[in-house]
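Protein chains in written order, with my numbering: chain A, 1 to 447; chain B, 1001 to 1242.
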């Protein structure tokens, strides 16, 4: 198969030759040799066809906003000509240096081509680099361009950036950062801490029977046993808002991205302190068409990670946050809580709600937090509910300080004070002005 | 920068080949015949003026201007089709002089005295033709390389890589055109002594040279055809194998 150009040249050559024949003109015949030779020599030259790529690392993990240098080394065994290498990039990636499509001139013999470029990973998620595309052209374009692909099968995990929360020693003394009040675990190994007396039930050890207390009882036929506190870890339950208004701003810089980062930072903070941490997604502005509470059977489990501890739990939370998107959940805070109530009931947990408080979602949040406080036993003290408000006005204005932003933030403080009046602890975070660590440190007494 | 160099080369080869083609045309007896016929025609209609009397002076200037205007336009446009236009104009201009070396002058059959009579030697005419063909081939491929450049540029390839690829493509096409021209020139110089060796053998054959020539062209065509088919089959086999 050849392209139109060599055919045109060949026809020119034969035109000269036939005209030379017809007129008996040897010079015309000789001139006809020039394009013919050009085509014949051109067709002897072969374009590159044998490609092989050095297998890349199977899985690469980076944080959101990180810069990544992608390098693909391709070996070309034969041919001469123009080689174009390229691979598809996720739309949310930003090219910083080089290009994901590059052109090389392949000289005769074996050659090693390097496709190298630098990208900024601007969005969380798991991406796949399936194949590297190549395009090989004849040096003179005499034969059609060849296309092919080389298997890469590389996975790129872009993790939400963890906002490191510094450890504050003796936090009960110095900090207001809420921690779970105490352990109230229903199952687990009994400790030596006495809890209460109760009637004997099937399965209880005879050692637990309190004979003196049993003797004092006159009416009941059942012996009385000592109940001890169960060994278990305290529970922190985080709720992350996925309502659409958190998406205001750019792909990289919006309230939702910072909310995800704060969630990840807080979960890591509590998991590192041996707490059980759970995570659920909710929507502070659920659509009217969202399914009601009765229809929760078909709800995807990816919206909830039930309380557990350890590294595996951290991994689960990370995976969930990797795929967290705006509007992923259509349930209000109250509905989301109802969905996981079995896992928090009796644990007296600390609830953390990460959201952006707006006029539109205030009532939904108030209703939800009221419901949360029902699961906290120690109501005389401040309820263990921490609300992290990720303020996005400045993000939406791309970091420009202007009066409109200040006005909106002022209005926001009014909404926050309404939540605070309910006895909740509300932390107000302006991501462009301060880090989450700084925000939490301001809660430390005396600092 | 490399694009500028290539444009300079294109300008050089365009001007050179067009100049040689125009010179070739004015060197033929055909031009003299045309101008004399024109003067006679104007005279017969009694519209002969001072300017038409000296048409042999003005016509070359007018024709050259016209040719160069068209050629400059095509050069400025710079597309492969424009390069083909330049070649076609040049071909038309050199054909009369080339035909002057024909052994079988068909134009003389119309009872005209030698209207395509060469005034220059065969080497000058042949090398004019070679330069016109080098110009055609190299201009065609530099224009195609420019198209490739624009396509890759639109796809976002960085300028440094584009420049390197563009330079290599042009080097390849120009080198190949010059190599072909060298082989043609070698054939041109080798043929006369070879002719003296082959002539006694060929003259012994009882067939017309036209028949021998037709056989030779048929053999070349067959060879080229077989080559193309074989190339196609090889590529098909490679495709299926991979």
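For each residue, glycine too, the CB sits at the ideal point set by N, CA and C.
Same chain, Cβ closer than 6 Å to residue i, neighbours up to 5 away in sequence not counted
{"i": "residue 292 (chain A)", "result": "Below a pLDDT of 50, predicted positions are generally treated as unreliable, and residue 292 (chain A), at 44, falls in that range; the measurement from the model is reported next regardless. Taken in chain order, the list of residues that qualify is empty."}
{"i": "residue 296 (chain A)", "result": "At residue 296 (chain A) the pLDDT is 46, less than 50, meaning the model places this residue with poor confidence and gives no usable figure here."}
{"i": "residue 424 (chain A)", "result": "369, 385, 387"}
{"i": "residue 134 (chain A)", "result": "51, 85, 148"}
{"i": "residue 157 (chain A)", "result": "61, 126"}
{"i": "residue 1059 (chain B)", "result": "1035"}
Beta-carbon separation (whole angstroms), residue i vs residue j, contact threshold 8 Å
{"i": "residue 195 (chain A)", "j": "residue 155 (chain A)", "result": "With 8 Å as the limit, residue 195 (chain A) and residue 155 (chain A) do not qualify as a contact, their Cβ atoms being about 49 Å apart."}
{"i": "residue 431 (chain A)", "j": "residue 258 (chain A)", "result": "4 Å"}
{"i": "residue 1256 (chain B)", "j": "residue 1006 (chain B)", "result": "Outside the displayed span of chain B (1001 to 1242) sits residue 1256 (chain B), for which this structure offers no information."}
{"i": "residue 320 (chain A)", "j": "residue 279 (chain A)", "result": "6 Å"}
{"i": "residue 1224 (chain B)", "j": "residue 10 (chain A)", "result": "7 Å"}
{"i": "residue 114 (chain A)", "j": "residue 73 (chain A)", "result": "6 Å"}
{"i": "residue 96 (chain A)", "j": "residue 118 (chain A)", "result": "4 Å"}
{"i": "residue 1018 (chain B)", "j": "residue 1090 (chain B)", "result": "6 Å"}
{"i": "residue 29 (chain A)", "j": "residue 16 (chain A)", "result": "7 Å"}
{"i": "residue 1158 (chain B)", "j": "residue 98 (chain A)", "result": "7 Å"}
{"i": "residue 200 (chain A)", "j": "residue 307 (chain A)", "result": "With 8 Å as the limit, residue 200 (chain A) and residue 307 (chain A) do not qualify as a contact, their Cβ atoms being about 31 Å apart."}
{"i": "residue 1140 (chain B)", "j": "residue 1084 (chain B)", "result": "7 Å"}
{"i": "residue 322 (chain A)", "j": "residue 126 (chain A)", "result": "6 Å"}
Residues near residue i in its chain [Cβ-Cβ closer than 8 Å; skip 5 each side]
{"i": "residue 415 (chain A)", "result": "357, 358, 359, 362"}
{"i": "residue 198 (chain A)", "result": "224, 225, 227"}
{"i": "residue 246 (chain A)", "result": "254, 255, 256, 259, 326, 355, 356, 390, 392"}
{"i": "residue 184 (chain A)", "result": "Residue placement at residue 184 (chain A) is poorly supported in this model, since its pLDDT is 47, which falls under 50; the coordinates still yield a value, given next. Within the same chain, residue 184 (chain A) has close Cβ partners 346, 347, 348, 377."}
Contacting residues, own chain, Cβ-Cβ under 7 Å from residue i (five flanking each side not counted)
{"i": "residue 1129 (chain B)", "result": "1094, 1098"}
{"i": "residue 161 (chain A)", "result": "63, 64, 65, 261"}
{"i": "residue 287 (chain A)", "result": "330"}
{"i": "residue 1137 (chain B)", "result": "1177"}
{"i": "residue 77 (chain A)", "result": "50, 110"}
Three-way DSSP call (helix, strand, coil) for residue i in this model
{"i": "residue 100 (chain A)", "result": "coil"}
{"i": "residue 209 (chain A)", "result": "strand"}
{"i": "residue 1195 (chain B)", "result": "helix"}
{"i": "residue 117 (chain A)", "result": "strand"}
{"i": "residue 65 (chain A)", "result": "coil"}
{"i": "residue 154 (chain A)", "result": "strand"}
{"i": "residue 449 (chain A)", "result": "Coverage of chain A is limited to positions 1 through 447, which leaves residue 449 (chain A) absent and any answer about it impossible."}
{"i": "residue 274 (chain A)", "result": "coil"}
{"i": "residue 78 (chain A)", "result": "coil"}
{"i": "residue 263 (chain A)", "result": "helix"}
{"i": "residue 237 (chain A)", "result": "strand"}
{"i": "residue 1069 (chain B)", "result": "helix"}
{"i": "residue 23 (chain A)", "result": "helix"}
{"i": "residue 12 (chain A)", "result": "helix"}
{"i": "residue 88 (chain A)", "result": "coil"}
{"i": "residue 428 (chain A)", "result": "strand"}
{"i": "residue 39 (chain A)", "result": "helix"}
{"i": "residue 224 (chain A)", "result": "strand"}
{"i": "residue 330 (chain A)", "result": "coil"}
{"i": "residue 287 (chain A)", "result": "coil"}
{"i": "residue 414 (chain A)", "result": "helix"}
{"i": "residue 323 (chain A)", "result": "coil"}
{"i": "residue 144 (chain A)", "result": "coil"}
{"i": "residue 1095 (chain B)", "result": "helix"}
{"i": "residue 1008 (chain B)", "result": "helix"}
{"i": "residue 34 (chain A)", "result": "helix"}
{"i": "residue 347 (chain A)", "result": "coil"}
{"i": "residue 1221 (chain B)", "result": "helix"}
Check: residue i C-beta below 7 Å from any heavy atom of the ligand ATP
{"i": "residue 1119 (chain B)", "result": "Of ligands this structure carries none, so the ligand ATP is not represented either."}
Can you pull out the residues from the stretch 1118 to 1132 of chain B whose beta carbon lies closer than 7 Å to at least one beta carbon of chain A?
When CB distances to chain A are screened at a threshold of 7 Å, the residues of the stretch 1118 to 1132 of chain B falling below it are 1122, 1125, 1126, 1129, 1130, in chain order.
Of all the residues that make up the stretch 1168 to 1199 of chain B, which are near chain A by a beta-carbon distance shorter than 8 Å?
When C-beta distances to chain A are compared with 8 Å, the residues of the stretch 1168 to 1199 of chain B below that value are 1168, 1169, 1172, 1173, 1176, 1177, 1179, 1180, 1181, 1183, 1184, 1187, 1188, 1191, in chain order.
Whole runs of the alpha helix (DSSP H) within the stretch 1020 to 1049 of chain B, excluding any shorter than 4 residues
The stretch 1020 to 1049 of chain B contains these whole alpha helix (DSSP H) runs: 1029 to 1044.
Between the stretch 39 to 62 of chain A and chain B, which residues of the former have a C-beta closer than 7 Å to a C-beta of the latter?
Flagged, chain order: 41, 42, 43, 49.
Interface residues of the stretch 1060 to 1086 of chain B facing chain A [CB-CB below 7 Å]:
Correct list: empty, as no residue qualifies.
Pull out every residue of the stretch 130 to 160 of chain A whose Cβ sits closer than 7 Å to any Cβ of chain B, in chain order.
Under the 7 Å Cβ criterion, the stretch 130 to 160 of chain A contributes 139, 140, 141.
Along the stretch 1148 to 1167 of chain B, what residues have a CB closer than 8 Å to any CB found in chain A?
Against chain A - using a Cβ distance shorter than 8 Å - the residues of the stretch 1148 to 1167 of chain B are 1148, 1152, 1155, 1156, 1157, 1158, 1161, 1162, 1164, 1165.
Quick one, which residues of the stretch 1206 to 1234 of chain B are near chain A if we go by CB-CB under 8 Å, in chain order?
Contact residues of the stretch 1206 to 1234 of chain B toward chain A are 1209, 1210, 1213, 1214, 1217, 1220, 1221, 1224, 1227, 1228, 1231, 1232 (C-beta to C-beta distance below 8 Å).
In the stretch 1121 to 1202 of chain B, which residue ranges form an unbroken alpha helix (DSSP H) of at least 4 residues, counting only runs that do not cross its ends?
For the stretch 1121 to 1202 of chain B, whole alpha helix (DSSP H) runs of length 4 or above, ordered along the chain, are 1122 to 1154.
To test your reading of the DSSP string, which unbroken alpha helix (DSSP H) runs of 4 or more residues are found completely within the stretch 359 to 389 of chain A?
Within the stretch 359 to 389 of chain A, the complete alpha helix (DSSP H) runs of at least 4 residues are 359 to 373.
Just by C-beta distance, which residues in the stretch 103 to 119 of chain A are closer than 8 Å to chain B?
If the cut-off is 8 Å between Cβ atoms, the stretch 103 to 119 of chain A has 103, 104, 105 near chain B.
Going along the stretch 334 to 361 of chain A in order, which residues come within less than 7 Å of chain B, judged by CB to CB distance?
Within the stretch 334 to 361 of chain A, no residue qualifies.
If you measure beta-carbon to beta-carbon, which residues of the stretch 1012 to 1035 of chain B are closer than 7 Å to chain A?
So the list is empty, because no residue satisfies the distance condition.
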